[in-house]
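Chemist: Quick note, the sequence shown lines up with residues 646 to 941 if you use my numbering.
We treat Cβ as the ideally placed atom computed from N, Cα and C, and that holds for glycine.
Bear in mind that the values here come from a model prediction, so they are computed numbers and not experimental data.
Sending over a structure as C-alpha cells; questions will come in a sec.
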Amino acid sequence: MFERYLQVTKPGIIMGNLISVAGGFFLASRGEIDWMLMLATVIGLSLVVASGCAINNYIDRDIDAKMQRTRNRVTVTGEMSGKAAFAHGIVLGIVGFGLLAYFTNPVALFFGAFGYVVYVGLYTLYFKRKSVYGTFVGSLSGAVPPVVGYCAAAGQFDTGAAILLVMFCIWQMPHSYAIAIFRYKDYEAANIPVLPVAEGLSKAKRHIVLHIAAFAIVAALLPLTGYVGIGFMVVALATSLWWLAMALRGYRTGIDINGWARQVFVFSIITITALSVTMALDFRVVSSDWLVFAGL
C-alpha cells in the first residue's frame, strides 16, 4: 500500500529537486545556516512537489496509458484509483504549503505557490497537451525549487535569486528536448506537441545547442556578480562547454540520434547537480546587492 502512494509522487523528481533547493539555501545562507529552517524548507517544498506530481498523475491517466514509459504508473494500471491519487496530492499540498507558510517567509511561499500553479494549472491542464510552448511553461515551475531555497534563507528576491530562476529555467529546455527526442514515439503516440514531434528533430537539435549556450552565459553571472567564487566559475565553464560540445555532436552524419539524446540528457543532470553542489560550497558574501526587487 505504501509503495503506490510513494510511486504516484514521482520520487525521482523529488530527489532531483532536493539538491537544487539545498543549493539555493546554502548559497543565500553565506555560511550562516539555520538548520531548522533548512529542514522545514526542504521537507515543505518536497511535499509540495510530491503533491503536484500526484495530481499530475491523476490528470494524465489518459495520455500515460499511451506511452511506454508511463503505462505502468499506478494510476494507469488501476493499483491506485484516480480519486485516491488526487486526495493524496491535496493532503501533501496542504501539509507542504503549511510548513512553508509557518517556517519560511512570504517570498519563499509565493514562489512555491507560483511553481505549483504553473505546473498543475497551466502546464498539466493545458500547455502540455495543446502547445509546443509546454516545455517552456513547465520549465518555469522546474526552476522554482532553488529559488524557494534561496528566498527562504535570504528573505527576499534579489539578483542572486533572479539568476537562479533564469539559469534553472534555461537548463530545463535542452534537458526536456533531449527526453522528447529519445522518447519521440511515446510523445507521438500520446499526441503531445513537444518540439521534436511538432516541428521536427532539426529544430529541436538547434534549440538544444542554443539553450545550452545561453545556460553557460547565465551561469557565469553568479561569479561575475560576486555570489560565488572562482571554483564555481571553473565548474560552470567545464560542464557547460562539455555539454555544448556534446550537443554539437548531434550534427554528425550518421549519428545514433536516440543514443546522442540520452547522452545529452544524462549530462544535463550531471551539470546541474555539479553546479548546485558547487554553489552551496563556493558562496561569497555580497557586500551590496545591485538589484533588489522591491516588495518581494
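(1) Can you tell me whether DSSP reads Asp705 as helix, strand or coil?
(2) Starting from the N-terminal side, write out each stretch of the alpha helix (DSSP H) that is 4 residues or longer and does not extend beyond the segment 862-937.
(3) Short check: CB of Gly949 to CB of Gly689, under 8 Å?
(4) Skipping 5 residues on each side, what residues in its chain have a beta carbon closer than 7 Å to that of Gly876?
(5) Compute the Euclidean distance between the alpha carbons of Ile808 and Glu844, then round it to the nearest angstrom.
(6) In angstroms, rounded to a whole number, what distance separates the CA positions of Glu648 and Thr722?
(7) If we call anything under 8 Å between Cβ atoms a contact, is Gly794 one with Gly669?
(8) Output the boundary residues of the alpha helix (DSSP H) element that contains Glu648.
(9) Below 7 Å CB to CB, which residues in the same chain sit around Leu663 once its five sequence neighbours on both sides are set aside?
(10) Flag this pair as yes or no: are the beta carbons of Ala823 and Val909 separated by less than 8 Å?
(11) Taking the alpha carbon of Leu869 as the point to measure from, which residue in Ser913, Arg929, Ala732, Ile735 has its own alpha carbon closest?
(12) May I ask which residues mark the beginning and end of the alpha helix (DSSP H) holding Met660?
(13) Please state whether the Cβ-Cβ distance between Ala699 and Val653 is less than 8 Å.
(14) What number of angstroms, rounded off, separates the C-alpha of Thr769 from the C-alpha of Ile704?
(15) Beta carbon of Leu886, beta carbon of Val854: below 8 Å?
(16) Where does Ala667 land, buried or exposed, given buried means 16+ other C-beta within 10 angstroms?
Modeler: On the basis of the supplied data:
(1) Note: Asp705 maps to coil in three-state DSSP.
(2) Secondary structure within the segment 862-937: the alpha helix (DSSP H) runs of 4 or more consecutive residues, fully enclosed, are 866-869, 875-893, 902-926 (chain order).
(3) Nothing in the structure corresponds to residue 949, since the chain is present only between 646 and 941.
(4) Close CB contacts of Gly876 within its chain, under the 7 Å cut and outside five residues either way in sequence, are with Thr923, Asp927 (chain order).
(5) For Ile808 and Glu844, the distance between alpha carbons rounds to 30 Å.
(6) Straight across, the Cα-Cα distance linking Glu648 with Thr722 is about 14 Å.
(7) Contact flag set, yes.
(8) That run of the alpha helix (DSSP H) goes 647-652.
(9) Same-chain partners within the cutoff: Val687, Ser691.
(10) Yes, Cβ-Cβ distance for Ala823 and Val909 is below 8 Å.
(11) Residue Arg929 holds the alpha-carbon nearest to the alpha-carbon of Leu869 among Ser913, Arg929, Ala732, Ile735.
(12) Unbroken alpha helix (DSSP H) run through Met660: 656-674.
(13) Their beta carbons are under 8 Å apart, which means Ala699 touches Val653 by this criterion.
(14) Thr769 and Ile704: Cα-Cα distance of roughly 7 Å.
(15) At a Cβ-Cβ threshold of 8 Å, Leu886 and Val854 do not count as neighbours.
(16) With 16 or more other Cβ atoms within 10 Å, it is buried.
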